Amino acid sequence: MNPQNKTHSELAEKFNRDVERVNWHDKTLWFVREKRDKAAHQIAEWEKLREAASQIKNNVLGNLHEYLLEFEKNALNHGIHVHWASSAQEHNEIVHSIIKKHGVNHMVKSKSMLTEECGLNEYLYKQGIEVVDTDLGERIVQLAKEPPSHIVLPCIHWKKEEIGELFHQYLGTPKGNADPQFLTAAARVHLREHFLTSRVALTGVNFAVAETGEIIVCTNEGNADLGVQLAGVHIASMGIEKIIPRRKHLSVFLRLLARSATGQPITTYSSHFQKPREGQEMHIVLVDNGRSERLASDDFRNALKCIRCGACFNTCPVYKRSGGHSYHTAVAGPIGSILAPGFDMAKNADLPFASTLCGSCTNVCPVKIDIHDQLYKWRQVLVKNGHTTASKKTGMNVMSKVLSHPMVYRFSGAVGRWVLRTMPFMANNKFNPWFKQREMPKASTQSFRSWYLNQRKHEQ
Amino acid sequence: MSSREKILAAVKKNQPAMVELPALNFAGDASIDLKAQFIKILTGIGGSVIEVNEIKKVADYIKSTFPEPARIINTTTNLNFESEILNLPDEQAGLKSDLHDFSNVTVAIMKGEFGVAENGAIWLTDANMVDQALPYICEHLVLIINKNSIVPTLHEAYEKIGTCPYTLGTFLAGPSKTADIEQSLVLGAHGSKSLIVFLVP
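In the order they appear, the protein sequences are chains F and Y. Position 306, counted from 1, in the first sequence is what this note's numbering calls 413; the numbers after and before it change by one each time, with no gaps. Position 72, counted from 1, in the second sequence is what this note's numbering calls 78; the numbers after and before it change by one each time, with no gaps.
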């Protein structure tokens, strides 16, 4: 996913070279954020719902062991095969063994961020099994050999003309046709063929109910349902944190999910799978992959409450202007930046710094995860563990010396203003990271301190 | 130690102190016109709603809207619909030898259990579908619900559903859609291209 081991800021710099595209990306996501606001404001009890969702998830985290057992028991009673995977590797092996048992080399898959986290597609490809992503956005990035750049809107970084070109190349649509209606129709025909011929279908899981042993999968396209209902084998992959206690709690989460994600009152399909269809085989793979370990952390366990709506992406000033691929991880954006260091601190040490800490993510989160607080706390953990760059460390050391010595602070302020006024090229050059994609401010002749002292004198 | 035991042991050891579940005191506003809200929301998300005063009109509408050679499958019993009535074999529904039989269905007609005013969704289960692929594979889906069955919010909806078992239960709200290409809304992604809901007495 990130072969060159580039940091968020290096990748964002690349994304920022095309100013027009960045502005377009920014605006498109803000449009989705506005739709979310409109939908939320129509529900008088919205804040009460967020609070309830947060409390239900808190209860889940404190009782997860019992809920997992209850869920497993009920699912087994319904004839579902339940598997447990400690790691991404084990998850992939389990899925592969099910496919192999049925002697096929082709599978349709609806959206599942967990399988992105586990690198399932690449793993199966190496075993000679073709996975066809059936969500339109996911199919587009799959044809382009890219990971999704957004968990809800996988190809939000693609322009329709580019998709037209991609479809011309892979699906044989006429060159130059970039009409979304036409391209969607072409994808419908192309994927219908895969639905009709695939004997195994894999889906993600939005919620799993302990009380009833059922799983809930939400889509707008109907691709999860079509895949499952036309296949003899249904595999559902889920993180262990997806459990909720009772069926009635779905009312809270389904009211919040689509409104937070896209501003829709509900997704087109909210399917509750409780038993395999007559003659069908159903498997659920429960995946840990670091989740049980995170459960022990007072500071970071709350991230496990996430319902993957993507609202924090759409509101984040850094995400909107740096693009999903700058995060070099399966889940990008603010939530991804607090999840990723938990998987691999060294590899993702840059991500908690890809934020202004403005707190907008926390304000829109439907389950009230303290995202910006966790970003701040991760920075401290990363520094303590030595995962900061030398330049940042030197800079911080200089800053701390300057800020703790008032005389030095005043002197350096005066020097800085003088330099910016008389020799702007000293700051406006490529060696100054603050100059990238920015104009440096005009420096005042006066410091705030001298202005303030002057004002006081006038008042007296 | 198996992965199951390992995961469960780690979860047990690491899970924080349990906090109580919140009470769900969310009563929808029963004073609003539920039917009007349901129609407004479902129309807003691309569905069509038609209110009829007698059930016979449903068949009339479908026949005139989808003329021959449309393949129409009716899974309801009270429609008096002389076109192709889904004649499922005696063996269990859903276990059809070839599910792909339905790939050329123009219209599928089924009964919905009830509607939800706040989001325009209709609840139905496998019992209403006869075959579980049908509501997703047909080109146009027709759902028939009682006009007095509409509840205000999902809270009342789940109260109604309770813990009753099913193979598949679903809230279906509008035609299949996507906005994956530049946020342009397109109806008819993979599932039905249109949804027509009849409100019947």
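Ideal placement from N, C-alpha and C gives every residue a C-beta, glycine not left out. Quick caveat, the model's predicted, so the values are computed rather than measured.
Check: Reference Leu-411/F; option with closest CA among Lys-564/F, Lys-349/F, Ala-285/F; Outcome: Lys-349/F
Check: Chain F within 9 Å of Gly-194/Y, Cβ atoms only; Outcome: yes
Check: Helix, strand or coil at Leu-149/Y [DSSP, three-state]; Outcome: strand
Check: Given 8 Å, three or more beta-carbon pairs between the region 170 to 180 of chain F and the region 477 to 495 of chain F; Outcome: no
Check: Nearest to Trp-525/F (by Cα), restricted to the options Trp-541/F, Pro-548/F, Asn-504/F, Phe-538/F; Outcome: Pro-548/F
Check: Three or more C-beta pairs below 8 Å linking the region 320 to 333 of chain F and the region 177 to 188 of chain F; Outcome: yes
Check: Below-9 Å beta-carbon distance, Gly-100/Y vs any chain F residue; Outcome: With a pLDDT of 40 at Gly-100/Y, under the threshold of 50, the modelled position of this residue cannot be trusted, and the question is left open.
Check: For Thr-291/F, the three-state DSSP class (helix, strand or coil); Outcome: helix
Check: Segment contact flag, the region 108 to 120 of chain Y with the region 134 to 151 of chain Y, C-beta cutoff 8 Å, min 3 pairs; Outcome: yes
Check: Top-ranked residue by Cα proximity to Phe-138/F, from Ile-202/Y, Glu-188/Y, Val-206/Y, Lys-199/Y; Outcome: Glu-188/Y
Check: Same chain, Cβ closer than 6 Å to Thr-495/F, five either side skipped, listed in chain order; Outcome: none
Check: Ile-163/F vs Lys-382/F beta-carbon contact at 9 Å; Outcome: no
Check: Arg-362/F: contacting residues in chain Y (beta-carbon distance under 9 Å); Outcome: Phe-32, Glu-124, Asn-125, Thr-159, Leu-160, His-161
Check: Completely contained alpha helix (DSSP H) runs for the region 119 to 155 of chain F, where each covers 4 or more residues; Outcome: 126 to 148
Check: 4-residue-minimum alpha helix (DSSP H) runs that sit fully inside the region 377 to 404 of chain F, ordered along the chain; Outcome: 398 to 401
Check: Stretch-stretch touch, CB-based, cutoff 8 Å, three pairs: the region 334 to 345 of chain F with the region 207 to 224 of chain F; Outcome: yes
Check: Min CB distance Thr-176/Y to chain F below 9 Å; Outcome: yes
Check: Nearest to Asn-31/Y (by Cα), restricted to the options Ala-159/F, Asn-112/F, Val-126/F, Leu-118/F; Outcome: Ala-159/F
Check: C-beta contact flag for Pro-448/F and Phe-420/F at 9 Å; Outcome: no
Check: Chain F contacts from the region 146 to 157 of chain Y (Cβ-Cβ distance under 8 Å); Outcome: none
Check: Segment contact, 8 Å Cβ cut-off, at least three pairs: the region 66 to 75 of chain Y with the region 32 to 50 of chain Y; Outcome: no
Check: Beta-carbon spacing of Ala-338/F, Ala-294/F below 9 Å; Outcome: no
Check: 8 Å Cβ shell around Gln-98/Y - same chain, five flanking residues per side excluded; Outcome: Because Gln-98/Y carries a pLDDT of 36, less than 50, the predicted location of this residue cannot be relied on, and the following value inherits that uncertainty. So the list is empty, once near-sequence residues are dropped.
Check: CB contact flag (Thr-375/F, Ile-51/Y, <9 Å); Outcome: yes
Check: Neighbour flag for Arg-563/F against chain Y, beta carbons, 9 Å; Outcome: no
Check: Distance, Thr-369/F Cα to Asp-240/F Cα; Outcome: 21 Å
Check: Below-9 Å beta-carbon distance, Arg-10/Y vs any chain F residue; Outcome: yes
Check: Distance between His-148/F and Glu-154/F (C-alpha atoms, nearest Å); Outcome: 10 Å
Check: Beta carbon of Val-202/F nearer than 9 Å to that of His-301/F; Outcome: no
Check: Partners in chain F for Asn-110/Y, counting only beta-carbon separations shorter than 8 Å; Outcome: Near Asn-110/Y there are no residues of chain F at all, since even the closest Cβ is about 11 Å away, more than 8 Å.
Check: Phe-407/F and Lys-475/F closer than 9 Å at C-beta; Outcome: no
Check: Residue burial classification, Met-389/F (beta-carbon count within 10 angstroms, cutoff 16); Outcome: buried
Check: Three-state class that DSSP yields for Thr-326/F in the structure shown; Outcome: strand
Check: Under 9 Å by beta carbon: chain F residues contacting Tyr-172/Y; Outcome: Glu-321, His-379, Gln-381, Lys-382
Check: 9 Å Cβ cutoff, Val-490/F in contact with chain Y; Outcome: no
Check: Leu-27/Y beta carbon less than 9 Å from that of Ser-378/F; Outcome: no
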